[in-house]
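Structure, as structure tokens:
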Amino acid sequence: MMSLTVADIQAPIAAEMDLFEQKFRGLMKSDVMLLDQIMNYIVKRKGKQLRPMFVFLTAGVCGQINESTYRGASLIELLHTATLVHDDVVDDSNYRRGFFSINALWKNKVAVLVGDYLLSRGLLLSVDNGDFELLKIVSTAVRELSEGELLQIEKARRLDITEAVYYEIIRQKTASLIASCCAVGARSAGVNEETVAQAHAFGEKVGIAFQIKDDLFDYGTAEIGKPLGIDIKEKKMTLPLIYALNRAAFLEKRRIINIVKNESENPKKVAEVIAFVKNSGGIDYATEVMNRYVAEAQTLLNQFPDSPYRQSLHQLVQYTIDRSK
């Protein structure tokens, strides 16, 4: 089978995505020249737009795409972009996806204020239109995102996290966002609580699989968006490593943890960790877990009526784990 492109998957919502982009650009306008300049820069460097796709496709699966679907997708993009702008300040990061970060171009103070502006734009968009249900879904996701980040920081110091804690971190940090896209799409189409919860559960499983795929990139050979071993350098505990450490003898475990803690700047030592994970079956195990989450997501999706939207969602799920970057 030919690998699908984002454009193929987008087919049933191509017109909606174009309109969304126009609406979103309109929302990003400001009378303050500096702010307008920065908003233009943010709009220009958009990625694959997987988040709005999840919103529109889920709305299509559940019923009709309408004005509140556009507002819901905009709300997620505004709040998510705000968290990214703030993240880059916190991480002192000069790049994001090959572009300079806001803080690199305009300094930290401006970046923090821009993040605040985006956040308030999102909140007002919902409040002005009475989209309180959508606001509740997305605000909950932002809260979980922050909690997940802080939980990771708290645990990362000790480097002995269990699989259970790992799932909790990625559920909050990554999965909550995709889950909120699906829940917002469903809610905007006017379905009942139960269906919204089902869409949310679907998105959560996709999000967890998505993050495990990201973890696997760290050990891969493919030339991708992030360099090999970057998670190890950043002392991030990923599923392949957690599995391998749990299976290792005491001394070996201590040796590997010591490398991650103290020698992660040394490429030769990082290569040792990668080899250790591969030899312990960490890659195979993580791949198996990822595929299990994908299968569970697809099963949940099949409970919705068949439609071109549903087929695209199936493809989008497959895309998130087949992607090479």
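The sequence shown begins at -14 in our numbering and counts up one residue at a time.
Glycine residues also receive a C-beta, built at the ideal position from the N, C-alpha and C atoms.
Residue i, DSSP secondary structure in three states
i: residue 84; result: strand
i: residue 298; result: helix
i: residue 249; result: coil
i: residue 175; result: coil
i: residue -7; result: helix
i: residue 228; result: helix
i: residue 308; result: coil
i: residue 50; result: coil
i: residue 111; result: helix
i: residue 222; result: coil
i: residue 209; result: For residue 209, the predicted model reports a pLDDT of 43, less than 50, meaning its position is unreliable and no value from the coordinates is stated.
i: residue 17; result: coil
i: residue 57; result: helix
i: residue 292; result: coil
i: residue 204; result: coil
i: residue 146; result: coil
i: residue 78; result: coil
i: residue 116; result: coil
i: residue 30; result: coil
i: residue 266; result: coil
i: residue 188; result: helix
Buried versus exposed call for residue i [16 or more other C-beta atoms within 10 Å across all chains shown]
i: residue 105; result: exposed
i: residue 115; result: exposed
i: residue 316; result: Lying before the first or after the last residue shown, residue 316 is absent from the chain, which here runs from -14 to 310.
i: residue 135; result: exposed
i: residue 241; result: buried
i: residue -3; result: buried
i: residue 284; result: exposed
i: residue 274; result: buried
i: residue 255; result: buried
i: residue 235; result: exposed
i: residue 137; result: buried
i: residue 216; result: buried
i: residue 51; result: exposed
i: residue 62; result: buried
i: residue 7; result: exposed
Contact under 8 Å by Cβ, residue i with residue j
i: residue 98; j: residue 294; result: no
i: residue 301; j: residue 222; result: no
i: residue 53; j: residue 173; result: yes
i: residue 193; j: residue 225; result: no
i: residue 148; j: residue 227; result: yes
i: residue 187; j: residue 286; result: yes
i: residue 246; j: residue 220; result: yes
i: residue 102; j: residue 19; result: no
i: residue 199; j: residue 271; result: no
i: residue 196; j: residue 160; result: yes
i: residue 130; j: residue 157; result: yes
i: residue 79; j: residue 85; result: yes
i: residue -6; j: residue 297; result: yes
i: residue 123; j: residue 35; result: no
i: residue 56; j: residue 4; result: no
Selection from the options that minimises the alpha carbon distance to residue i
i: residue 12; options: 108, -2, 90; result: 108
i: residue 162; options: 237, 125, 51, 197; result: 125
i: residue 262; options: 229, 252, 166; result: 229
i: residue 279; options: 303, 220, 57, 227; result: 303
i: residue 100; options: 71, 120, 147; result: 71
i: residue 233; options: 204, 266, 201; result: 266
i: residue 46; options: 167, 237, 282, 231; result: 167
i: residue -1; options: 214, 37, 181, 89; result: 37
i: residue 10; options: 258, -11, 58, 49; result: 58
i: residue 66; options: 90, 77, 55, 32; result: 32
i: residue 178; options: 118, 91, 214, 138; result: 118
i: residue 182; options: 87, 152, 288; result: 288
i: residue 39; options: -9, 290, 75; result: -9
i: residue 214; options: 249, 87, 50; result: 249
i: residue 26; options: 76, 75, 89; result: 89
i: residue 44; options: 151, 180, 153, 17; result: 180
i: residue 91; options: 146, 277, 189, 22; result: 22
Cβ-heavy atom distance, residue i to the ligand COA, below 7 Å
i: residue 189; result: Only the bare structure without any ligand can be found here, which leaves the ligand COA out of the picture.
Cβ distance (whole Å) where residue i is taken to contact residue j below 8 Å
i: residue 170; j: residue 184; result: 7 Å
i: residue 24; j: residue 15; result: 6 Å
i: residue 73; j: residue 96; result: 7 Å
i: residue 191; j: residue 305; result: 6 Å
i: residue 204; j: residue 259; result: 6 Å
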